[in-house]
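Structure first, then comments.
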Amino acid sequence: MRKPIFYDTDCLSCFISINDVSILKILFDKVIIPYEVYNEFSRVLILKKRVDELIEENFIDVIDFDIQSDVYKLFVELHRGYLFDKEMGRGEAAAIALAVENNGIIASNNTRDIMKAVEKYDLTRIKTGDILVKAYHHEIITEHEGNELWKKMLGQKRYLSEKSFTQYLKNNPDEIF
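Going letter by letter, the sequence shown gives residues 186 to 362 in the numbering used here.
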């Protein structure tokens, strides 16, 4: 059985902002986002509209916490900085807490804020580039198509670690999930 993947805003927004989730639909049955991530998408009307359409299609599931649960307690500890002496964004903290609770994977491009938690809880973390690498290895996209998607994402002011998909692929040639 595949591990569930919990998306942070930055990773999913790369695909949502260019209005192309076709790769995600081919690779995954569902995209799971915490309610906090949904709230972050709600700040930009066009992104919220696209997310709402995917929720209506039953492709995106939005998960919320029971405030009496251990997962909520972990979310609060991560968000308020109790565990690592540094506050973490609500979306990142929620995605990590859900990944820990469900033995899942976190999809986040945010290295600086989350890596201590990823290491502490021995989580697998994937980035937008890793999703494109998987699509490349499964012959869903070519390297050229990956570069075109990458360029569109950068054009939407999405943070990606390298300047091109080719460079990312060179530095990260293997599938990690």
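All C-beta atoms, glycine included, are put in the ideal place defined by N, C-alpha and C.
With respect to the alpha helix (DSSP H) encompassing I281, which residues constitute its N-terminal and C-terminal limits? For the purposes of this step, residue 281 is taken as the residue at position 96 of the sequence shown. Under the DSSP assignment, I281 falls in the alpha helix (DSSP H) whose first and last residues are 275 to 286.
Can you look up T327 in the DSSP assignment and give me helix, strand or coil? Your numbering for residue 327 matches position 142 in the sequence shown. It is coil, neither helix nor strand.
Pick out whichever of N357, H329, D246 has its Cα sitting closest to the Cα of V318. For the purposes of this step, residue 318 is taken as the residue at position 133 of the sequence shown. The shortest Cα separation from V318 among N357, H329, D246 belongs to N357.
Which term fits T194, buried or exposed, when burial requires 16 or more other beta carbons within 10 angstroms of its beta carbon? The residue given as residue 194 occupies position 9 in the sequence shown. With 16 or more other Cβ atoms within 10 Å, it is buried.
Around the C-beta of N295, are 16 or more other C-beta atoms found within 10 angstroms, so that it is buried, or is it exposed? Taking the sequence shown and counting its residues from 1, the one referred to as residue 295 is at position 110. Around the Cβ of N295, a 10 Å sphere holds 16 or more other Cβ atoms; the residue is buried.
With F191 as the anchor, note down where its alpha helix (DSSP H) starts and where it stops. For the purposes of this step, residue 191 is taken as residue 6 along the sequence shown, with counting starting at 1. Bounds of any alpha helix (DSSP H) do not take in F191; it lies within the beta strand (DSSP E) bounded by 190 to 192.
If contact is defined by three or more beta carbon pairs under 8 Å, each pair taking one atom from either stretch, is the region 221 to 228 in contact with the region 322 to 335? Contact between the region 322 to 335 and the region 221 to 228 is absent, because fewer than three Cβ pairs lie under 8 Å.
So what does DSSP say about I203, is it helix, strand or coil? Residue mapping note: residue 203 aligns to position 18 of the sequence shown, counting from 1. Of the three classes helix, strand and coil, the one that applies to I203 here is coil, per DSSP.
C-beta atoms of Y267 and V285 nearer than 8 Å: Counting from 1 along the sequence shown, the entry for residue 267 is found at position 82. Counting from 1 along the sequence shown, the entry for residue 285 is found at position 100. In this structure, Y267 sits away from V285, with a CB-CB distance that is not shorter than 8 Å.
Provide the residue span of the beta strand (DSSP E) that contains D246, from first to last. Here residue 246 refers to the residue found at position 61 when the sequence shown is read from its first residue. D246 -> beta strand (DSSP E) spans 245 to 248.
Given a cut-off of 8 Å, decide if E347 and Y353 are closer than it, judged by their beta-carbon atoms. In the sequence shown, counting from the first residue as 1, residue 353 sits at position 168. In the sequence shown, counting from the first residue as 1, residue 347 sits at position 162. E347 is positioned such that its CB atom lies closer than 8 Å to that of Y353.
Tell me, please, whether the region 196 to 207 touches the region 259 to 277 by the rule of three or more beta-carbon pairs shorter than 8 Å. In short, these stretches do not touch, since the Cβ pair count stays below three.
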